[in-house]
Structure formats: C-alpha cells, structure tokens
Amino acid sequence: MTTVTIAKRSKRMFGYTPGRTMKRLLRDRVGMVCFVGLMILVFIGILAQFWTPKDPTAQDLLRRLESPSGEYWLGTDSVGRDILSRLMVATGVDLAAATLAVSIGLVVGAGFGLLAGYLGGALDSVTSRVFDVLMSLPPLLFAVAIVGALGPSLTNAMIAVGVLLAPRFYRLVRVSTREVVNEDFVEAARSGGAGPTRIMMRHVAPNIFSPMLVQISFGVSVAIVAESGLSFLGLGVQPPTASWGSMVKEGFDNLAINSWTIIPSSVMIVVSILLLSLFGDSLRDAVSSQGGSKA
1 MTTVTIAKRS
11 KRMFGYTPGR
21 TMKRLLRDRV
31 GMVCFVGLMI
41 LVFIGILAQF
51 WTPKDPTAQD
61 LLRRLESPSG
71 EYWLGTDSVG
81 RDILSRLMVA
91 TGVDLAAATL
101 AVSIGLVVGA
111 GFGLLAGYLG
121 GALDSVTSRV
131 FDVLMSLPPL
141 LFAVAIVGAL
151 GPSLTNAMIA
161 VGVLLAPRFY
171 RLVRVSTREV
181 VNEDFVEAAR
191 SGGAGPTRIM
201 MRHVAPNIFS
211 PMLVQISFGV
221 SVAIVAESGL
231 SFLGLGVQPP
241 TASWGSMVKE
251 GFDNLAINSW
261 TIIPSSVMIV
271 VSILLLSLFG
281 DSLRDAVSSQ
291 GGSKA
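First residue of the sequence shown? That's 1 in full-length UniProt numbering, and the numbers climb one at a time after it.
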C-alpha cells in the first residue's frame with residue numbers, strides 16, 4: 001500500500017470532517033433555528049449600514065425619553081434619538097466588534113497552539129506557560145488595564161478581549177494538534193517528503209476545524225458580553241456611536257424617568273447570547289457525535 005493511499009484512507013477514518021458535521025447540524029432543529037436567528041442579526045447589522053428608519057444620531061430634545069409609538073416604534077432615548085435606528089446600528093457594531101475580538105484570539109491562540117502542538121519541545125513549554133499566565137489574570141481587570149493604557153475605544157477594548165480569548169483557542173488547538181500528529185496519515189505525509197508547514201496546513205488544520213467552530217461560537221458570545229460590559233463602563237464604544245452596552249448604560253441612567261429605554265438593548269444582548277449558546281451546543285453535539293467514527 002502506497003503512502004498516498006495510507007494518507008487518504010487515514011484521513012477519511014480520522015475524527016472530524018466538516019462535511020459530516022454540517023449534515024448532522026442540518027438535522028438539528030434547534031441549531032437551525034438559532035442559525036437563522038443569527039443570520040437575521042447579521043442582516044440587520046448590514047442593513048443598518050445603508051438604511052435605518054430615522055437618522056440614528058439626530059436629536060430632538062422635545063421628544064426625549066418617549067415610550068413606543070407609531071412614529072418611534074421603540075421610543076426615544078435621553079436626547080430624543082430613535083431607539084430602533086440606534087439598535088440596528090448597535091447590532092452591526094457589536095457583531096463587528098465580536099468578530100474583531102475573536103479573530104485576534106483565533107490568530108494568536110490557534111497559531112501558537114498549532115505550532116506548539118506539532119513541534120513540541122521548548123516552544124511548547126514556553127508558550128504554554130505564557131498562555132497559562134494570561135488565563136490566570138482577572139479578565140475584567142486585565143481588559144481595563146489594556147484599555148487604560150491604549151485609551152478608551154471600541155477597537156482597543158476588542159484587542160483586550162481578543163488577548164483574553166487567545167488562551168482558550170491555544171489550549172484547544174494544542175491538544176487537538178497533538179492528537180492528530182500521531183495519526184497514520186501524518187506519518188505517511190512525512191514519509192512522502194512533506195514539510196512541517198504543508199503537514200500543518202493540509203493535514204492537521206482540516207482535522208481540527210470542526211471543534212474550532214464550537215469554540216468560535218462561544219468566543220463570540222464572550223466577546224459580546226465583554227464589549228457590553230466595557231461600553232457600560234465607558235471604556236468601549238464612544239458617543240455618539242451606539243452599541244448594546246452603551247445603550248444599556250443610557251437606559252440605566254434614566255431608569256427612574258422611563259424604565260422602557262433599557263429594555264430593547266438588554267433584550268438584544270440576552271437573545272444574541274442565547275442564540276450563540278444554543279447554536280454552540282448544537283455544533284458541539286454534531287462534532288462529538290463523530291467520535292464513534294474513529295478507526
């Protein structure tokens with residue numbers, strides 16, 4: 001049997017394949033409902049870049065803190081801005097911010113995890129200690145420290161969150177990579193003359209893709225919660241830009257006058273976290289159900 005045949009057969013037999021994961025996920029009704037809900041949020045965020053019912057930054061002090069009406073479907077905020085329009089803009093801001101944070105965590109954590117898991121040795125020891133230290137730091141205090149050093153802004157806040165997410169991706173990718181590198185198809189690739197870069201990109205990375213999707217879904221929910229918290233403290237998005245966290249803060253400040261204004265943004269945070277959590281559970285079930293297919 002040639003090394004090419006061994007590689008192909010072993011790769012088919014080993015663990016996670018995106019195709020099988022998607023087939024199982026499509027049969028999960030809860031997962032599909034959550035996926036549709038998340039796509040609706042993405043559509044709202046994109047739509048807000050081109051159209052909103054009213055100007056999200058236009059102020060009307062004569063119409064401040066109004067309850068929902070035919071003209072303002074979700075009421076107005078403390079300076080008379082349309083809450084619905086600002087909520088649509090905030091949806092795009094939060095999703096973009098979460099994407100940035102997860103991307104930073106993924107590139108840093110998964111990149112070092114792949115190298116440490118494949119190469120091992122001193123690199124593995126050093127990077128593991130570094131990420132262990134990062135994981136041991138109090139998340140909120142660490143994020144506040146980074147934002148304090150770089151200055152309050154949404155980008156700086158998401159850099160802080162991305163650094164905090166990196167150890168989670170590092171651990172998952174490192175462990176998954178160490179499992180994959182002991183498989184026959186990796187040995188066959190080495191015997192065929194493939195270098196470390198080609199093996200990691202062509203043989204290892206595809207086999208850890210599905211479990212990475214699960215971690216990404218949970219990472220996005222963590223990033224949304226972190227952004228909301230930092231923006232509530234004034235360390236995230238800056239006025240007049242809207243985010244769910246800043247809108248919760250505005251509603252909280254005017255809670256005694258009109259309790260309604262805090263509800264729409266709070267509901268969006270809860271719904272998005274619920275959708276991501278349930279979708280992540282469905283992804284995890286779809287991935288773990290392949291465990292019995294290993295040779």
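Backbone N, C-alpha and C fix where the C-beta goes; we use that ideal spot for every residue, glycine too. A quick note: this is a predicted structure, and the numbers were derived from the prediction, not measured.
What is the C-beta distance between residue i and residue j, in whole angstroms, given that I count them as a contact (C-beta under 8 Å)?
i	j	result
Val237	Val93	6 Å
Ala116	Ser128	7 Å
Ile216	Val173	About 12 Å separates the two Cβ atoms, so there is no contact after all.
Leu213	Leu283	6 Å
Ile73	Leu61	A quick correction: the sequence has Trp, not Ile, at residue 73. Not a contact, Cβ separation roughly 20 Å.
Of the choices the options, whose alpha-carbon is the least far from that of residue i?
i	options	result
Ser246	Val89, Gln49, Thr197	Val89
Cys34	Gly280, Gly193, Arg178, Leu74	Gly280
Thr57	Ser272, Leu274, Pro240	Pro240
Gly120	Val133, Leu84, Asn156, Thr177	Thr177
Asn156	Leu283, Ala226, Ala116	Ala226
Ala160	Leu172, Pro167, Val144	Val144
Ser266	Pro206, Asp285, Ser282, Trp244	Trp244
Ala205	Leu25, Arg284, Phe112	Phe112
Ser136	Tyr118, Leu283, Pro167	Pro167
Phe185	Ile273, Thr197, Ala110, Arg202	Arg202
Arg198	Met212, Val181, Pro211	Val181
Whose C-beta lies closer than 7 Å to the C-beta of residue i among residues of the same chain, with five residues either side of it excluded?
i	result
Asn254	Leu65, Ser78, Thr261
Ile257	Leu65
Thr3	Confidence at Thr3 is low in this model, with a pLDDT of 38, below 50, so the placement of that residue should be treated as unreliable; the coordinate-derived value is given next. Cβ within range, chain order: Ala188, Ser191, Gly192.
Met200	Leu114, Tyr118
State the DSSP-derived secondary structure class of residue i, mapped to helix, strand or coil.
i	result
Thr177	helix
Asp124	helix
Asp28	coil
Trp260	helix
Lys54	coil
Leu255	coil
Asp281	helix
Gly148	helix
Gly37	helix
Ordered along the chain, which non-local residues of its own chain (more than five positions away) have a Cβ less than 6 Å from that of residue i?
i	result
Leu165	Gly105, Gly219
Ala101	Met158, Val161, Gly162, Ala223
Ala97	Leu154, Met158, Glu227
Leu87	Pro264
Output needed for residue i: all residues of its chain with C-beta closer than 8 Å, excluding positions within five of it in sequence on either side, in chain order.
i	result
Ala242	Pro56, Arg86, Leu87, Val89, Ala90, Val93
### Task
Quick one: which unbroken alpha helix (DSSP H) runs of 4-plus residues sit fully inside the region 64–128? Chain order, please.
Listed in chain order, the complete alpha helix (DSSP H) runs (minimum 4 residues) inside the region 64–128 are 83–105, 111–119.
### Message
Report the start-end ranges of each alpha helix (DSSP H) in the region 189–225 that is 4 residues or longer and not cut off at the edges.
### Response
The region 189–225 is shown to contain whole alpha helix (DSSP H) runs of 4 or more residues at 196–199, in chain order.
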